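Residue numbers (the working numbering): 1282 to 1651.
Here a beta-carbon is modelled for each residue, glycine too, at the ideal position from N, C-alpha and C.
What you are looking at is a predicted structure, and each value in this text was computed from that prediction instead of being measured.
Below: the structure, in structure tokens.
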Ligand SMILES: Nc1nc2c(ncn2[C@@H]2O[C@H](COP(=O)(O)OP(=O)(O)OP(=O)(O)O)[C@@H](O)[C@H]2O)c(=O)[nH]1
Ligand SMILES: [Mg+2]
């Protein structure tokens, strides 16, 4: 079979210290004698192109398994990795997705889930997220849970329980888009900078400073959040001078309409608006009274925040997570779904139970999720 000789990239895209590819199949030993030159038993050597030129210095490790498999570690340039893949394709390899069993031990659904958790580790944005994934790979987490439920027969309560925490588990890897909105000068960019931990956006005392949408990653209690800042919303005329700001407002409204959550900042200067949020086209929103250190009257119904004094900033993070996931802490000490495809199969298994069918054959699909 043509694809019984294969190559797969085991590291993700982009630059890195090192990259890795794996080759395997009956032809692998022949390929290596054609293109790898080492010395003695050392795993270090050079990989050569068709005309004999060196592609890279590599480390070659034979991987245990039923057929010949080798891990080739090269320098971390995506161009070099691509060159190496091309070289083996030229020798007859078929590119394929990395096999999960490289990251897991043993076979079965539990091992598949453990492999999915480990393969997801490079996407973890915080220590909490890494610990969460490693726990899901263990007997305490989803990997252990699936082995246990397959031995008996899962109930609908088991599956519903798992689905309840799915949003927070999936949120460990997939950052929701959260837009900071409000009138010009509400303090949006100052808050954005505070939350992403760097002076990413310009701030200024004049209204109308930000025009472009600016996106950066923040981390709230270990969860990734894709935060977006943009133009303040206000009515503008048709004049040529206002063209750029008008476009900024249009882009901001678009971003708000597609966001997972909009944080609306209402500053003290909003006067009569003080207890009334902005009318915006968005799915979900939370309103905060920003720059609250400038308002001593205290006549606001929204949670108070001040980037100047730090008041309310930690509470804001907790409120955002509760709004998105219903919890503000990463799931711990229990099985939890962490990929959308896992949620799909659990939902299908629930449908099966509700229709009076044994869900175990559906649950076996969990081993193959990516
Ligand atoms: N006292 C006080 N001043 C703040 C606070 N947050 C922001 N400011 C000031 O308010 C002014 C406007 O802040 P920005 O963050 O630029 O406001 P913005 O909402 O991004 O404004 P536009 O980009 O023009 O829409 C700046 O002078 C900030 O230093 C706050 O919490 N307290
Ligand atoms: Mg701004």
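Setting aside the 5 residues that flank it on each side, residue 1620 is surrounded in the same chain by 1650, each with a C-beta closer than 6 angstroms to its C-beta; the list follows chain order.
Taking 7 angstroms as the cut-off, one finds no heavy atom of ligand 1 near enough to the beta carbon of residue 1441. The beta-bridge partner set that DSSP reports for residue 1498 consists of 1507. Close CB contacts of residue 1592 within its chain, under the 8 angstroms cut and outside five residues either way in sequence, are with 1573, 1574, 1585 and 1586 (chain order).
Closest in C-alpha terms to residue 1347, from the list 1309, 1339, 1481 and 1365, comes 1309. For the pair residue 1571 and residue 1468, the CB atoms are nearer than the 8 angstroms cut-off. Pairing residue 1599 with residue 1407, the inter-Cα distance amounts to about 16 angstroms. Between residue 1454 and residue 1401 a beta carbon distance of about 6 angstroms is seen, short of the 8 angstroms cut, so the two are scored as contacting.
Per the C-alpha coordinates, the member of 1488, 1618 and 1471 positioned closest to residue 1482 is 1471.
Taking 8 angstroms as the cut-off, the beta carbon of residue 1499 is found closer than this to the beta carbon of residue 1506. In this structure, the straight-line span from the alpha carbon of residue 1440 to that of residue 1638 is close to 14 angstroms. Between ligand 1 and the CB of residue 1485, the shortest heavy atom gap is smaller than 7 angstroms.
Counting of Cβ neighbours within 10 angstroms places residue 1623 among the buried residues, the total reaching 16 or more.
Taking C-alpha positions only, residue 1429 is separated from residue 1596 by approximately 38 angstroms.
According to the DSSP secondary-structure assignment, residue 1461 is paired through a beta bridge with 1544. Annotation for residue 1497: 1477, 1481 and 1508 place their beta carbon closer than 7 angstroms to its own, counting only its chain and skipping 5 residues before and after. Residue 1293 and residue 1518 have their C-alpha atoms spaced approximately 48 angstroms apart. By a beta-carbon distance limit of 8 angstroms, residue 1352 contacts residue 1342. Their separation comes to about 5 angstroms. Closest by C-alpha distance to residue 1301, out of 1291, 1312 and 1307, is 1291. Check the Cα spacing between residue 1335 and each of 1319, 1324 and 1389: the tightest is with 1319.
Taking 4 residues as the minimum length, the alpha helix (DSSP H) runs contained wholly in the segment 1296-1323 are 1309-1316, in order along the chain.
By the Cβ neighbour-count rule, residue 1354 is buried, with 16 or more other Cβ atoms within 10 Å of its own. When DSSP states are grouped into helix, strand and coil, residue 1291 belongs to the coil group.
Taking all protein chains in view, the Cβ of residue 1388 is surrounded by fewer than 16 other Cβ atoms within 10 Å, so the residue is classified as exposed. If you compare the alpha carbons of 1445, 1371 and 1504 with that of residue 1458, the shortest gap goes to 1504. The C-beta of residue 1612 has 16 or more other C-beta atoms within 10 Å across all chains shown, which makes the residue buried.
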